[in-house]
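Trainee: Once you know that position 384 of the sequence shown is 422 in the numbering used here, the rest is easy, because the numbers rise by one and skip nothing.
Glycine included, every Cβ here is placed at the ideal spot set by N, Cα and C.
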Amino acid sequence: MRIKVRIFSILLVAAALAGTFVYARSGQSIFESYSIFPTGKTTIRLWYTDEALTPYLQARSVAYSETNQNVRIEPVLVSGLEYLEAINEASLANENYPDIFIITNDSLEKAYLAGLAMEITDGEDYLSSEMFPDAAIRSVTYNGRYIAYPFYFETSSLIYNKTYLEDMAAENLENAMFLAEAENAQEGSETTENAEAEGGTEEAAELSITQDMIDSEVEKNLPKTISDILEFAQSYNAPEQVEAVFKWDVTDIFYNYSFVGNYMNVGGRAGDDVSMIDIYNTDTISCMKIYQQLNQFFAIDADEIDYESVSQDFIDGKIVFTVATTDIIGKIKAAQNSGECPYEFGVADMPDLNSKYSTRTMSVTDCIVVNGYTENIAKANAVARYICNDNSADLYNNSGKLAAHYGIKYNDNNLSTFVDVYDDSIPMPKTIETSNLWMELEIAFTKIWNGEDCNSILKQVSEKIKTQITGEQFVEETLPDPENLDITEGLSEESD
Numbered sequence: 039m040r041i042k043v044r045i046f047s048i049l050l051v052a053a054a055l056a057g058t059f060v061y062a063r064s065g066q067s068i069f070e071s072y073s074i075f076p077t078g079k080t081t082i083r084l085w086y087t088d089e090a091l092t093p094y095l096q097a098r099s100v101a102y103s104e105t106n107q108n109v110r111i112e113p114v115l116v117s118g119l120e121y122l123e124a125i126n127e128a129s130l131a132n133e134n135y136p137d138i139f140i141i142t143n144d145s146l147e148k149a150y151l152a153g154l155a156m157e158i159t160d161g162e163d164y165l166s167s168e169m170f171p172d173a174a175i176r177s178v179t180y181n182g183r184y185i186a187y188p189f190y191f192e193t194s195s196l197i198y199n200k201t202y203l204e205d206m207a208a209e210n211l212e213n214a215m216f217l218a219e220a221e222n223a224q225e226g227s228e229t230t231e232n233a234e235a236e237g238g239t240e241e242a243a244e245l246s247i248t249q250d251m252i253d254s255e256v257e258k259n260l261p262k263t264i265s266d267i268l269e270f271a272q273s274y275n276a277p278e279q280v281e282a283v284f285k286w287d288v289t290d291i292f293y294n295y296s297f298v299g300n301y302m303n304v305g306g307r308a309g310d311d312v313s314m315i316d317i318y319n320t321d322t323i324s325c326m327k328i329y330q331q332l333n334q335f336f337a338i339d340a341d342e343i344d345y346e347s348v349s350q351d352f353i354d355g356k357i358v359f360t361v362a363t364t365d366i367i368g369k370i371k372a373a374q375n376s377g378e379c380p381y382e383f384g385v386a387d388m389p390d391l392n393s394k395y396s397t398r399t400m401s402v403t404d405c406i407v408v409n410g411y412t413e414n415i416a417k418a419n420a421v422a423r424y425i426c427n428d429n430s431a432d433l434y435n436n437s438g439k440l441a442a443h444y445g446i447k448y449n450d451n452n453l454s455t456f457v458d459v460y461d462d463s464i465p466m467p468k469t470i471e472t473s474n475l476w477m478e479l480e481i482a483f484t485k486i487w488n489g490e491d492c493n494s495i496l497k498q499v500s501e502k503i504k505t506q507i508t509g510e511q512f513v514e515e516t517l518p519d520p521e522n523l524d525i526t527e528g529l530s531e532e533s534d
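(1) Could you tell me the distance, in whole angstroms, from the CA atom of A149 to the CA atom of L122?
(2) Which same chain residues end up closer than 6 Å to L91 when comparing Cβ atoms and leaving out the 5 residues on each side of it in sequence?
(3) Can you look up S393 in the DSSP assignment and give me helix, strand or coil?
(4) For Y192, which residues does DSSP report across the bridge?
(5) Is the separation between the beta-carbon of I317 and that of L496 shorter than 8 Å?
(6) Here's the rule I'm using: 16 or more other beta-carbon atoms within 10 Å means buried, otherwise exposed. How should D524 be labelled?
(7) What residue from P520, G410, Y86, I503 has the CA that sits closest to A152's CA?
(8) If contacts are defined as beta-carbon pairs under 8 Å, then P389 and L196 qualify, I think. What distance do you get, rounded to the angstrom?
(9) Can the beta-carbon of F170 be found less than 8 Å from the beta-carbon of L440?
(10) Helix, strand or coil for L154 per DSSP?
(11) Exposed or buried, A276, counting other C-beta atoms within 10 Å across all chains shown (16 or more means buried)?
(12) Determine the direct distance from the alpha carbon of D461 to that of E521, and round the result to whole angstroms.
(13) Between which two residues does the beta strand (DSSP E) holding V283 run?
(14) Mark D310 as exposed unless 16 or more other C-beta atoms lie within 10 angstroms of its C-beta, in which case mark it buried.
(15) Given this structure, state the Cα-to-Cα distance separating K42 from Y102, to the nearest angstrom.
(16) Using the rule of at least 16 other Cβ atoms within 10 Å of the residue's Cβ for burial, across every protein chain shown, is N493 buried or exposed?
(17) Note down the Cα distance separating N333 from Y293, rounded to an integer number of angstroms.
(18) When burial is assigned at 16 or more other CB atoms within 10 Å of the CB, is T179 buried or exposed?
(19) Using a Cβ-Cβ cutoff of less than 7 Å, which residues in the same chain neighbour Q506 once the five nearest sequence positions on both sides are dropped?
(20) Pull up the CB-CB distance for I446 and A431, whole angstroms please, since I reckon it's below 8 Å.
(21) Which runs of the alpha helix (DSSP H) at least 4 residues long sit entirely within the segment 414-450? Give them in chain order.
(22) State the Cα-Cα distance for the pair P380 and V358, rounded to the nearest angstrom.
(23) Rounded to whole angstroms, what is the Cα-Cα separation between G355 and N375?
(24) Counting C-beta neighbours from all protein chains within 10 Å, is the total for M477 16 or more, i.e. buried, or is it exposed?
(25) Are the CB atoms of R98 and E366 within a distance shorter than 8 Å?
(26) Would you list the one or two residues that DSSP bridges to V408?
(27) Whose C-beta lies closer than 6 Å to the C-beta of M156 among residues of the same chain, with five residues either side of it excluded?
(28) Within the continuous beta strand (DSSP E) that includes A362, where are the two ends?
(29) Assign S64 to buried or exposed, taking buried as 16 or more other Cβ atoms, counted over all protein chains shown, within 10 Å of its Cβ.
(30) Express the C-alpha separation of F352 and Q330 in angstroms, rounding to a whole number.
(31) To the nearest angstrom, how far is it from the Cα of I247 to the Cα of E382?
(32) Please classify G182 as buried or exposed, where buried requires at least 16 neighbouring CB atoms within 10 angstroms.
(33) Report yes or no: do three or more beta-carbon pairs, one from the segment 254-264 and one from the segment 198-212, lie closer than 8 Å?
(34) Considering only the alpha carbon of each residue, which of Y184, I140, E501, T364 lies closest to V385?
What follows is the structure, encoded as structure tokens:
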């Protein structure tokens with residue numbers, strides 16, 4: 039019996055050593071896979087580069103461990119410099135590589151071709167239009183596959199000083215009431231009683247103007263087109279501190295792409311098809327000609343403007359309308375809390391150019407990618423979904439990021455408006471061959487803003503990108519200039 043016990047003990051030790059060896063090699067014990075014996079937790083390592091995410095990811099990691107006894111999430115903040123290269127090196131060396139990592143959607147093709155991004159589990163069922171905006175789904179689509187989980191997004195839209203518009207609305211309503219009273223008084227007899235009643239008009243008007251009436255008037259006066267903003271500027275009795283009715287960063291493509299976004303095609307619906315490139319066409323030329331005209335009405339110096347200064351001027355009440363990204367909400371609230379901003383603000387859809395040409399903003403989606411080298415595929419997918427499935431507002435409250443899915447009840451309607459704008463936005467393309475397009479467009483927009491020829495500049499950009507794609511010198515056939523486009527034409531018709 040003793041001999042049998044010793045033999046059995048030796049076998050147990052050998053099995054334990056073998057299990058330890060397998061765990062050291064793969065990060066997961068064979069016993070864990072088959073649940074023969076209880077073991078330690080599997081670590082799912084998550085790499086990210088934005089320090090603002092740290093509190094949120096740490097909190098989600100702790101919460102996950104409390105309900106999943108066999109898995110531990112390890113968030114790792116790393117440098118954003120040569121990020122994909124670092125992931126690739128760690129994965130090839132099998133040394134502390136990430137099982138999942140966060141990356142912007144425009145880098146997904148590069149990650150996929152390097153073997154660092156794999157198709158997510160049951161993507162067709164998970165990425166439903168009921169849960170995710172259209173832009174989120176398109177942002178993670180590559181060659182018909184879903185290769186990442188949409189996490190959070192950034193986009194831009196029109197921001198307005200709500201206090202100024204409310205003051206103007208109240209004044210308009212009061213004036214309308216005075217006119218109505220005057221007309222009624224004229225129709226009646228010129229008696230002392232009428233005169234006395236007329237003397238009480240101001241008090242009656244003030245009492246009868248409600249906040250609902252003001253809100254309705256503000257909504258009615260929100261610009262639906264850039265032409266509407268021009269008309270607003272012509273009639274607006276601006277407070278002394280207002281220096282500009284409409285001002286934005288004309289040097290950054292993120293705040294300008296909407297002017298051509300509805301007519302420029304880069305990579306098709308999912309931004310992954312290099313055969314679908316349409317930069318130089320009659321509509322984009324027309325839109326840029328209208329864009330160029332705006333310099334006559336909103337004199338913005340491209341050499342001196344930048345987003346930070348514009349944002350600060352808006353917070354200080356020097357601008358009525360601007361184009362901004364979601365970060366401006368946090369900046370305004372911080373200024374309000376410190377007593378440096380006495381104004382309320384609002385977010386609206388990006389106005390169209392005019393009644394003929396519409397706009398469409400650009401967006402970038404940060405995604406959670408399952409590393410193609412992970413040996414814990416099922417658990418990595420489960421962790422990625424857990425992080426992306428959060429319907430609380432904790433992601434925004436802790437990091438200032440807006441989640442790329444529906445179902446979150448924000449305490450601020452402006453955040454919900456940004457989600458709606460994101461839904462209809464154009465995700466940044468994934469194609470490696472067009473990765474420098476945004477730099478080329480920024481240069482082009484600045485040149486056009488400063489008065490250079492729209493037609494020839496767009497033609498040059500298109501030729502450069504298509505040359506990169508084909509590997510051969512590409513020459514576009516010159517398109518005729520569209521007829522003269524007047525941004526001010528039909529202003530009164532549009533305002534009606």
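Mentor: Inspection of the coordinates gives the following:
(1) So the alpha carbons of these two residues sit roughly 7 Å apart.
(2) By the criterion of a C-beta distance shorter than 6 Å, L91 is surrounded in its chain by S437, once the five residues flanking it on both sides are discounted.
(3) S393 falls in the coil class under three-state DSSP.
(4) The sequence as given places Glu at residue 192; Tyr does not occur at that position. E192 pairs with V402.
(5) Yes, these two residues count as a Cβ contact at 8 Å.
(6) Sixteen is the threshold: since fewer than 16 other Cβ atoms of the shown chains lie within 10 Å of the Cβ of D524, the residue is exposed.
(7) Among P520, G410, Y86, I503, the Cα nearest to that of A152 belongs to G410.
(8) Contact flag correct, Cβ pair sits at about 6 Å.
(9) The answer is no: Cβ separation not under 8 Å.
(10) Residue state, collapsed to three classes: coil.
(11) A276 should be labelled exposed.
(12) Taking the straight line joining both Cα atoms gives about 33 Å.
(13) According to the DSSP assignment, V283 belongs to the beta strand (DSSP E) that extends over 282-284.
(14) D310 is classed as buried because its beta carbon has at least 16 other beta carbons within 10 Å across all chains shown.
(15) Because the pLDDT of K42 is 38, which lies under 50, any placement of that residue in the model is unreliable, and the question is left without a value.
(16) Taking a 10 Å sphere around the C-beta of N493, we find 16 or more other C-beta atoms and assign the residue as buried.
(17) One Cα belongs to N333, the other to Y293, and the distance between them is close to 15 Å.
(18) Looking at its Cβ environment, which holds 16 or more other Cβ atoms inside 10 Å, T179 is buried.
(19) Beyond the five residues adjoining it in sequence on each side, Q506 comes within less than 7 Å, by CB distance, of E471 in the same chain, given in chain order.
(20) Between A431 and I446 the Cβ distance is about 6 Å, and since that is below 8 Å, they are a contact.
(21) Listed in chain order, they are 415-426, 432-437.
(22) Straight-line measurement puts the Cα of V358 at about 14 Å from the Cα of P380.
(23) Roughly 16 Å separates the two Cα atoms.
(24) Looking at its Cβ environment, which holds fewer than 16 other Cβ atoms inside 10 Å, M477 is exposed.
(25) Before going further, note that residue 366 is Ile rather than Glu in the sequence given. Going by beta carbons, I366 and R98 fall outside the 8 Å limit.
(26) For V408, the beta-bridge partners assigned by DSSP are I138.
(27) Excluding sequence neighbours, M156 sits near V408, G410.
(28) Membership of A362 in the beta strand (DSSP E) is indicated by the continuous run 357-363.
(29) Confidence at S64 is low in this model, with a pLDDT of 37, below 50, so the placement of that residue is unreliable and no value is reported for it.
(30) A direct Cα-Cα distance of roughly 23 Å separates Q330 from F352.
(31) If you take the alpha carbons of I247 and E382, they lie about 19 Å apart.
(32) Label assigned to G182: exposed.
(33) A contact is defined here as three or more CB-CB pairs under 8 Å, and the segment 254-264 meets this definition with respect to the segment 198-212.
(34) Taking the Cα of V385 as reference, the smallest distance to any Cα among Y184, I140, E501, T364 is reached at T364.
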